[in-house]
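*Asks:*
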């Protein structure tokens, strides 16, 4: 089974190498190779899940040694790893198929599919790695591959800036993550996950809390949580299937998975802070989504909100519930991103939802499947999101009432902005030539939508029955099977999506090209549109503080380092060289004179005549 895992890990790397180095001018072959590779990964993942006799299997070998220290490359296959392997492989395969249609006329298909393969390799590496250093190596590869894919349309200024922003902001979080790894090794003497689980000290202390928060910086960066959330909406500049992969199965999921891998290290104080930040992010992202016009940015803020729910569940001490919501979220978020890609492709890459309208009649499959995704993320009863979101709400109600109130408000907002998106895009009349002439896409693009719609409906039932996948979610999900016995929670959860639906119906069933919210509540709309001015604050910091400070340091470096130390030392040496050179005049009697003078000086000093 270890050989299966290693084959699955390195298969996409091999595909990327072949595609990028040997198939750069063969778009059709490159795309087919990448899709076949993704299919092979899915087959191997299913083999690991359903033909596995042991609950946990580990293997490692020495990668390289440095003095008395060695770095080991290892694989850890347990329940959470197998579940995420299924999510990454299955969703990744469907996104590859969708890309065949979406990127059909793109001249840079080999580069695109090569980047997808690197992305898959990186995420599989994070999933299988058995120590923090190997996780960090693949973690950086995820950042690199996301940079390549977000910048796929690098000839546009938007994509170029977005890729740099994502890369730089993530480096901030990764720096904290690296410090956390160093502190972990310094504290426990190992970075192996299994050994850390045995050594973890559950007695709360400040040092352990600092260590946990440093490690959590990796999650904050990759999963775009406050205050490093600003990169994710801009990352929508990349191709839409890339957005689906980032939001559903790879980059942002990596941050949550990291927390689940090291949950045994976290102190109560660290968990409380992460839970509070997650709940606040869920509410903040909901308000931001209300004022967005770009279909992909609305979905991006919905991802921020749902990641906040996962962080809140983790902070409340329910990592299994967080993993469950990560799984269901992957299904309906991939569905909605690919659905948005279908709309964008049919409307000639128009992304302003107020220039759509009436697409339900012209694109019935896309509209139906997108509605399933909207219902699932809103928590409509008995769809996948209902089980996972209500489980988080019930857990919050039992353990932290303030967080419950924030999460409930976020659930209402989720329903409101998602039904807003659906009504404006698919209902009413066409509001542009692009939408009036749109037609349904080919089965290459609608087929994955139908499969993901099915998973968005039935994905929550894995937790209710003793299936192989459901058993991986841990004892935390006992709360899900008890949901029917908490009728008040069912009523509350139902009321959240109904309230959002009612408000969306009142405001957005019939619209023109102006947002009704901006006309009825202009001040509130501007606050939501501003995103609380985080981008402006960071820009002010860079322009007014960081850049002047960097220029000051540059001047200090030129004066003292390059000037005084480097050039000063060279100047003093040159001066002594010049003085010494004056002694060498090429005459024997001059050398004899200096020799005698030096000898007399030494004798006078030795005999004490100068005392």
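In our numbering, the protein residues as written are 14 to 624. Here a beta-carbon is modelled for each residue, glycine too, at the ideal position from N, C-alpha and C. What you are looking at is a predicted structure, and each value in this text was computed from that prediction instead of being measured.
Let me know if residue 581 comes out buried or exposed under the rule of 16 or more other beta-carbons within 10 Å of its beta-carbon.
*Replies:* Exposed.
*Asks:* Rounded to whole angstroms, what's the CA-CA distance from residue 382 to residue 469? Just pull it up for me.
*Replies:* 9 angstroms
*Asks:* My output table needs one value for residue 263: the three-state DSSP class, helix, strand or coil.
*Replies:* coil
*Asks:* What span of residues does the beta strand (DSSP E) with residue 143 cover, start to end?
*Replies:* Premise fails: residue 143 is in no beta strand (DSSP E) and is neither H nor E.
*Asks:* Are the region 26-38 and the region 95-110 touching by the rule of at least three beta carbon pairs closer than 8 angstroms?
*Replies:* At 8 angstroms Cβ cutoff, the stretches do not touch.
*Asks:* Helix, strand or coil for residue 157? Go by DSSP, reduced to three states.
*Replies:* Of the three classes helix, strand and coil, the one that applies to residue 157 here is helix, per DSSP.
*Asks:* Keeping to the same chain, check which residues put their C-beta closer than 7 angstroms to that of residue 35; ignore five residues upstream and five downstream.
*Replies:* If we look at residue 35 and ignore the five residues flanking it on each side, it has no Cβ neighbours.
*Asks:* Are the CB atoms of residue 245 and residue 352 within a distance shorter than 7 angstroms?
*Replies:* no
*Asks:* How far does the alpha helix (DSSP H) with residue 292 in it reach, from first residue to last?
*Replies:* 281-303
*Asks:* Excluding five sequence neighbours on each side, which residues of the same chain lie with their C-beta closer than 6 angstroms to the C-beta of residue 472?
*Replies:* 341, 344, 397
*Asks:* Given 8 angstroms as the limit, is there contact between the region 446-466 and the region 108-115, that is, 3 or more CB pairs closer than that?
*Replies:* yes
*Asks:* Tell me the DSSP secondary structure of residue 70 in three-state form.
*Replies:* strand
*Asks:* To which residues does DSSP link residue 22 through a beta bridge?
*Replies:* Answer is none; residue 22 lacks a bridge partner.
*Asks:* Measuring alpha carbon to alpha carbon, tell me which residue in 256, 79, 70 is nearest residue 129.
*Replies:* 256
*Asks:* So, does the region 397-411 touch the region 514-524, judging by three or more C-beta pairs under 8 angstroms?
*Replies:* no
*Asks:* Taking the alpha-carbon positions, what's the residue 551 to residue 16 distance?
*Replies:* 47 angstroms
*Asks:* Among the candidates 250, 137, 277, whose CA atom is the shortest distance from the CA of residue 228?
*Replies:* 277
*Asks:* Which one of 105, 40, 590 has the shortest CA to CA distance from residue 346?
*Replies:* 105
*Asks:* According to DSSP, which residues form a beta bridge with residue 78?
*Replies:* 83
*Asks:* Give, in chain order, every unbroken run of the alpha helix (DSSP H) that is at least 4 residues long and sits entirely within the region 505-562.
*Replies:* Qualifying alpha helix (DSSP H) stretches, in chain order: 529-533, 535-543, 547-553.
*Asks:* By a C-beta neighbour count over all protein chains shown, 10 Å radius and 16 as the cutoff for buried, is residue 583 buried or exposed?
*Replies:* exposed
*Asks:* Quick one: any contact between the region 323-339 and the region 433-441, if contact means 3 or more CB pairs under 8 angstroms?
*Replies:* no
*Asks:* Secondary structure at residue 205, three-state DSSP: helix, strand or coil?
*Replies:* Shown here, residue 205 sits in a strand according to DSSP, grouped into three states.
*Asks:* Between residue 326 and residue 238, which are expected to be in contact by the criterion C-beta below 8 angstroms, what is the C-beta distance as a whole number of angstroms?
*Replies:* With 8 angstroms as the limit, residue 326 and residue 238 do not qualify as a contact, their Cβ atoms being about 13 angstroms apart.
*Asks:* Which residue wins for smallest C-alpha separation from residue 445, given the options 149, 367, 284?
*Replies:* 367
*Asks:* By the three-class DSSP mapping on this structure, what secondary structure does residue 88 have?
*Replies:* It is a strand residue.
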